[in-house]
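*Asks:* For the protein sequence lines, the chains are S and F, in the order given.
When you number the first sequence by this note's numbering, it's gap-free, plus one each residue, and the end is 410.
When you number the second sequence by this note's numbering, it's gap-free, plus one each residue, and the end is 493.
Every residue, glycine too, gets a C-beta built ideally from N, C-alpha and C.
Values in this document were obtained by computation on a predicted structure and should not be read as measured data.
Sharing a structure below in structure tokens format, with a few things to ask.
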Amino acid sequence: MEFDLRGFSAFGFAFDPFKQLDSTKDAHLQEYLVIPGTAEGVLSDQPVSVFAKPGGGKSALRTYAFNFYKDSRGVRFPLIYIPQTYSNEPDLHFLNLQRSLASAVFMYWSSYPDFFFGLSQTHKRKIKSLLLDIPFGLEFALQILSDARLMSEVEYGLGAPAMSGIRFVGQAHRELASELRAVSAFSSPLPLEDSFEILYEVIRAKSIHIMIDGLDGFIETRTSQGVIDWIVPLLKIVDLWQKRNIYLKFFLPMDVPEAISLPQDFRVVELNWDDNLLGQVIRRRVFVASGGQFDSLDAISAPEIRNVELILARQLAQNQKLPRQMILKCGRLLQSVVDSRQQEITSEHLNMAEEASHV
Amino acid sequence: MSDALKTFSSKEFVNRSREIESVFDAIKSKSKGVLIFEGDKGSGKTTLLFELYRRLSEDSALSPFLVSLSAYSAPEFTTKPTGCWVEQKDFTRDDVMPLLKAVAKHLDVDFIETDQKDLQKEYLAKSFATRNASASAPVLLVDSIYECSEELRNEIEKYIFSSILSSEKVFLILSGRGKRPVWVRQELQTAEISPLSNLAEDYVKEMLKKIKSPRVSQYKEISRLSGGYPLIARVMGTSNKDLPEALSDAIDMMLADAMPSEKDWETIRAQVEKLSLVNITFRISDVEDYIFPNEKDRHIKTVQVIEKLNDANLMRYEGKGYQLNKSLLFPLRNYILEKQNSEEYQSYIRDLEEVSQHLQTEYPAAKSWYQRMVPEGLKIHKS
Numbered sequence: 052m053e054f055d056l057r058g059f060s061a062f063g064f065a066f067d068p069f070k071q072l073d074s075t076k077d078a079h080l081q082e083y084l085v086i087p088g089t090a091e092g093v094l095s096d097q098p099v100s101v102f103a104k105p106g107g108g109k110s111a112l113r114t115y116a117f118n119f120y121k122d123s124r125g126v127r128f129p130l131i132y133i134p135q136t137y138s139n140e141p142d143l144h145f146l147n148l149q150r151s152l153a154s155a156v157f158m159y160w161s162s163y164p165d166f167f168f169g170l171s172q173t174h175k176r177k178i179k180s181l182l183l184d185i186p187f188g189l190e191f192a193l194q195i196l197s198d199a200r201l202m203s204e205v206e207y208g209l210g211a212p213a214m215s216g217i218r219f220v221g222q223a224h225r226e227l228a229s230e231l232r233a234v235s236a237f238s239s240p241l242p243l244e245d246s247f248e249i250l251y252e253v254i255r256a257k258s259i260h261i262m263i264d265g266l267d268g269f270i271e272t273r274t275s276q277g278v279i280d281w282i283v284p285l286l287k288i289v290d291l292w293q294k295r296n297i298y299l300k301f302f303l304p305m306d307v308p309e310a311i312s313l314p315q316d317f318r319v320v321e322l323n324w325d326d327n328l329l330g331q332v333i334r335r336r337v338f339v340a341s342g343g344q345f346d347s348l349d350a351i352s353a354p355e356i357r358n359v360e361l362i363l364a365r366q367l368a369q370n371q372k373l374p375r376q377m378i379l380k381c382g383r384l385l386q387s388v389v390d391s392r393q394q395e396i397t398s399e400h401l402n403m404a405e406e407a408s409h410v
Numbered sequence: 111m112s113d114a115l116k117t118f119s120s121k122e123f124v125n126r127s128r129e130i131e132s133v134f135d136a137i138k139s140k141s142k143g144v145l146i147f148e149g150d151k152g153s154g155k156t157t158l159l160f161e162l163y164r165r166l167s168e169d170s171a172l173s174p175f176l177v178s179l180s181a182y183s184a185p186e187f188t189t190k191p192t193g194c195w196v197e198q199k200d201f202t203r204d205d206v207m208p209l210l211k212a213v214a215k216h217l218d219v220d221f222i223e224t225d226q227k228d229l230q231k232e233y234l235a236k237s238f239a240t241r242n243a244s245a246s247a248p249v250l251l252v253d254s255i256y257e258c259s260e261e262l263r264n265e266i267e268k269y270i271f272s273s274i275l276s277s278e279k280v281f282l283i284l285s286g287r288g289k290r291p292v293w294v295r296q297e298l299q300t301a302e303i304s305p306l307s308n309l310a311e312d313y314v315k316e317m318l319k320k321i322k323s324p325r326v327s328q329y330k331e332i333s334r335l336s337g338g339y340p341l342i343a344r345v346m347g348t349s350n351k352d353l354p355e356a357l358s359d360a361i362d363m364m365l366a367d368a369m370p371s372e373k374d375w376e377t378i379r380a381q382v383e384k385l386s387l388v389n390i391t392f393r394i395s396d397v398e399d400y401i402f403p404n405e406k407d408r409h410i411k412t413v414q415v416i417e418k419l420n421d422a423n424l425m426r427y428e429g430k431g432y433q434l435n436k437s438l439l440f441p442l443r444n445y446i447l448e449k450q451n452s453e454e455y456q457s458y459i460r461d462l463e464e465v466s467q468h469l470q471t472e473y474p475a476a477k478s479w480y481q482r483m484v485p486e487g488l489k490i491h492k493s
């Protein structure tokens, strides 16, 4: 859906706040994501399991949490684990986590290259040993770093986000690549636990937050018991890792919880949405898109119309009361205003939106 | 505006005990927090932050750092060179790096130096995030954070607020007026916001005494006309004109300070006076016939006026529309009430009444809303 420029700039928006439905690619997510009160625990130092329906905000929350931790500049180290395979092979998770960690640590040093040069030789060797697990090999990653001019090229090449906001790749990065090539790794591979220890020892991390997402697809192809079987090895280490400030955060489909047996300290969060919360989802987007000028669609409605967001939320059927549906509905409403060549939302537009809900 | 109004003096500080207590309570009871004082122009935000800085500096367990983003003077703090950034010029983006280094020095944080600018800012930010939490708790006080440019605020949030908030034991105390910014960081989005109330009569009296005003005995009248807004009351207290004229001068001073590049004062003053009489939050189309009656390009002209006032943070959008900030609206309306018999103001009132009637007819579903457009207390003389 795309408003023509005259359309949504006439509403006072700097961008279309209802266009980007893939939250992982949404540049404004940190500014406008509404987190239901119960879900704030996902940002805490605690193992958490977030349950939601597809379109209920799991990936948005996971992306938000990752960026939140990223802002800590390595103090609360974030790691995303999205399974590429749903195999139940032993050690599968640990191998995959080791790879994800290697990519994240590579991106960390690419984000703070000069910090590497001051490390002791032992620390440099440990880092090199850890980085050997990068998918496609360390030399592949170093080549990307050496050739890149922008950090976004490194992110794209490695499929992992940077750990700081730097834009340019420069001399310090070339020197980092050169040093990493020159330093020798330890002869035996680093166990995962030792790799985590490096984060505390060298990066000065205080906690590690592992976010496990991407299991909706699993449910579509296998039984919910399959998901449980897949995550059980991870559940077994939750307590042990929690004692070492390593927190597992699962983002799971709503169908799973009844059969699952979660460890005692596990915080369980269900992302449920009522009309008021869905109203907030829209109001926050309106606030950000209007550059803080106004915080409700009421501002671009006929004088007699109040609480547009609540009216729209109430129009959604019970099983549709999800952020994605609400965002879609608002986008369509504004599109209908643009199409009617009017500059404000009228009762007719709202009536049309209600009729569309029943189709 | 007189330079004296942009100079902090703790001797002239009028009691804000509730606000000061709330800050000390928060610091005592929480390990981390963000407090924002919001208020209109002249409501005393800057003075409160400066006084808070002075008092927080007396606590050895705290490391306060004061940043004034707008030009100000605080001779009392020149003996604390590492703990504040107060200059007689506005803060710009070029000042971000020196400020980061000044904060690092003040908090005794080591950082790696590099020639690459964006890396340097990140390195400083990382050093804040990983600073030793056992050291005294930083309390960063930043004045005028809403009013600065979006680019500048984004840089300050990204490199200073966000990184400092990642460490333990830290407080941010901010002040701002006008529209609320779009924050990225969660702690800022959910910050505790305290609106600064206007001064009660007794405090206006206290303030007049502290500035040695010859009009202390008129404190009740000054309090009523100024609406209790410290800046207006202060200017009235130092004027030797009669009170309505002193009020008018104070309003002019406030406008001049908020819109320094404005040339046509007479016109802008008249437009602001008209808008101050509109008793509802209004949309541009609601007031264009009132501000520019019978003019062909009245819509564009009204948009320009609103934009100008909005940019100067003298107006904000609330609910269904715009409204002048109360620290400007109430003194202006009080002035017009005093002078409402003049032909000029009678014409404003008649025009507003006419527009209100027209809108009631045009939007019958919103009739009761537009009935409230003309404030009570205004009388139209029958010609």
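Please tell me whether Gly343 of chain S and Lys418 of chain F are closer than 7 Å, where the distance is taken between their beta carbons.
*Replies:* No, the pair does not count as a contact, with Cβ atoms beyond the cut-off.
*Asks:* Would you mind giving the Cβ-Cβ distance between Arg203 of chain F and Glu257 of chain F, rounded to the nearest angstrom? I have them listed as a contact below 8 Å.
*Replies:* Not really, about 15 Å apart at Cβ, beyond 8 Å.
*Asks:* Output needed in chain order: residues of the region 146-160 of chain F with a Cβ under 8 Å from some Cβ in chain S.
*Replies:* Answer in chain order: no residues at all.
*Asks:* Kindly identify the DSSP beta-bridge partner or partners of Lys142 of chain F.
*Replies:* DSSP, once it has assigned bridges, lists F:Val280 as partnering Lys142 of chain F.
*Asks:* Using a Cβ-Cβ distance cut-off of 7 Å, determine whether Arg255 of chain S contacts chain F.
*Replies:* With 7 Å as the cut-off, Arg255 of chain S counts as an interface residue toward chain F.
*Asks:* Below 8 Å between beta carbons is the criterion; list the residues of the region 203-235 of chain F that meet it against any residue of chain S, in chain order.
*Replies:* If the cut-off is 8 Å between Cβ atoms, the region 203-235 of chain F has Ile222, Thr224, Gln226, Asp228, Leu229, Glu232, Tyr233 and Ala235 near chain S.
*Asks:* What's the call for Ala235 of chain F, buried or exposed, on a 16-neighbour Cβ count within 10 Å?
*Replies:* By the neighbour-count rule (16 or more Cβ atoms within 10 Å), Ala235 of chain F is buried.
*Asks:* Can you find a CB in chain F that lies within less than 7 Å of the CB of Gly88 of chain S?
*Replies:* Chain F contact via Cβ: absent.
*Asks:* Could you round the C-beta distance between Ala223 of chain S and Leu196 of chain S to whole angstroms and report it? I think they count as a contact, below 8 Å.
*Replies:* The Cβ separation is near 11 Å, so there is no contact.
*Asks:* Residues of chain F with CB under 7 Å from Phe345 of chain S, in chain order?
*Replies:* The contacting residues are Tyr427.
*Asks:* What are the residues of the region 212-237 of chain S that lie near chain F, defined by any Cβ-Cβ distance shorter than 7 Å?
*Replies:* The residues in question are Ser215, Gly216, Ile217, Arg218, Phe219, Gly221 and Ala223.
*Asks:* Hey, could you find the ends of the alpha helix (DSSP H) Ser229 of chain S is sitting in?
*Replies:* Here the alpha helix (DSSP H) through Ser229 of chain S covers Gln222 to Ala233.
*Asks:* Distance cutoff 7 Å, beta carbons only. Does Pro129 of chain S sit that close to anything in chain F?
*Replies:* Chain F contact via Cβ: absent.
*Asks:* Buried or exposed: Arg232 of chain S, going by 16 or more other Cβ atoms within 10 Å of its Cβ?
*Replies:* Flag for Arg232 of chain S reads exposed.
*Asks:* Could you tell me whether the Cβ of Val292 of chain F comes closer than 7 Å to any Cβ of chain S?
*Replies:* Chain S contact via Cβ: present.
*Asks:* Could you round the C-beta distance between Ser171 of chain S and Leu209 of chain S to whole angstroms and report it? I think they count as a contact, below 8 Å.
*Replies:* Between Leu209 of chain S and Ser171 of chain S the Cβ distance is about 26 Å, and since that is not below 8 Å, they are no contact.
*Asks:* By the 8 Å beta-carbon criterion, what residues does the region 88-111 of chain S contribute toward chain F?
*Replies:* Per Cβ criterion, the list reads Leu94.
*Asks:* For the pair the region 132-152 of chain F and the region 302-312 of chain F, tell me if three or more CB-CB distances fall below 8 Å.
*Replies:* They touch, by the three-pair rule.
*Asks:* To the nearest angstrom, how far is the alpha carbon of Ala211 of chain S from that of Ser161 of chain S?
*Replies:* Near 11 Å, if we compare the C-alpha coordinates of Ser161 of chain S and Ala211 of chain S.
*Asks:* Would a C-beta distance cut-off of 7 Å place Ile261 of chain S and Leu181 of chain S closer than the cut-off?
*Replies:* No; because the gap between Cβ atoms is not below 7 Å, this pair is not in contact.
*Asks:* Please report whether the beta-carbon of Pro134 of chain S lies at a distance below 7 Å from any beta-carbon of chain F.
*Replies:* It does not: the Cβ of Pro134 of chain S has no partner Cβ on chain F nearer than 7 Å.
*Asks:* What does a CB cutoff of less than 8 Å around Pro105 of chain S pick up in its chain, not counting 5 residues either side in sequence?
*Replies:* Counting only Cβ-Cβ distances below 8 Å, and skipping sequence neighbours, we find Asp267 and Pro304.
*Asks:* Just list the residues that DSSP pairs Ala247 of chain F with in beta bridges.
*Replies:* Answer by DSSP bridge pairing, in chain order: F:Leu172.
*Asks:* How is Ala61 of chain S classed by DSSP in three states: helix, strand or coil?
*Replies:* If DSSP states are grouped into helix, strand and coil, Ala61 of chain S belongs with the helices.
*Asks:* Do Val326 of chain F and Lys320 of chain F have their C-beta atoms closer together than 7 Å?
*Replies:* No, they are not a contact pair.
*Asks:* For Pro354 of chain S, would you say it is in contact with chain F, using Cβ-to-Cβ distances shorter than 7 Å as the test?
*Replies:* Output row for Pro354 of chain S: interface = yes.
*Asks:* Would Leu56 of chain S be called buried (16 or more neighbouring beta carbons within 10 Å of its own) or exposed?
*Replies:* Caution applies to Leu56 of chain S, whose pLDDT of 46 falls short of 50 and renders its modelled position unreliable; the value that the coordinates give is listed next. Exposed is the call here.
*Asks:* List, in order along the chain, the chain S residues whose C-beta lies closer than 7 Å to that of Lys268 of chain F?
*Replies:* In chain order: Gly216.
*Asks:* I need the DSSP call for Ile386 of chain S, collapsed to helix, strand or coil.
*Replies:* The amino acid occupying residue 386 of chain S in the given sequence is Gln; Ile does not appear at that position. Note: Gln386 of chain S maps to helix in three-state DSSP.
*Asks:* Of all the options F:Glu278, F:Leu385 and F:Arg164, which has the alpha carbon lying nearest to the alpha carbon of Gly143 of chain F?
*Replies:* The shortest Cα separation from Gly143 of chain F among F:Glu278, F:Leu385 and F:Arg164 belongs to F:Glu278.
*Asks:* Quick one: what's got a C-beta closer than 6 Å to Phe69 of chain S's C-beta in the same chain, skipping five residues either side?
*Replies:* Correct list, in chain order: Ile378, Cys381 and Gly382.
*Asks:* Would you grab the beta carbon distance between Pro98 of chain S and Asp264 of chain S for me? Rounded to a whole angstrom, and I think it's under 8 Å.
*Replies:* Going by Cβ atoms, the distance from Pro98 of chain S to Asp264 of chain S rounds to 15 Å, so no, they are not a contact pair.
*Asks:* Helix, strand or coil for Phe54 of chain S? Go by DSSP, reduced to three states.
*Replies:* Residue confidence is low: Phe54 of chain S scores 45 on pLDDT, short of 50, so the model does not pin down where it sits. Its coordinate-derived value is still stated next. If DSSP states are grouped into helix, strand and coil, Phe54 of chain S belongs with coil.
*Asks:* Which residue or residues does DSSP assign as beta-bridge partners of Glu263 of chain S?
*Replies:* Note that residue 263 of chain S is Ile in the sequence shown here, rather than Glu. For Ile263 of chain S, which the question treats as bridged, DSSP gives the partners S:Tyr132 and S:Phe301.
*Asks:* Would you report the Cα separation of Thr173 of chain S and Asp220 of chain F, rounded to the nearest angstrom?
*Replies:* Each residue's Cα considered, the two are about 23 Å apart.
*Asks:* Less than 7 Å between C-beta atoms, sequence neighbours within five positions excluded: which residues of the same chain meet that for Lys116 of chain F?
*Replies:* Ala181, Tyr182 and Ser183, listed in sequence order.
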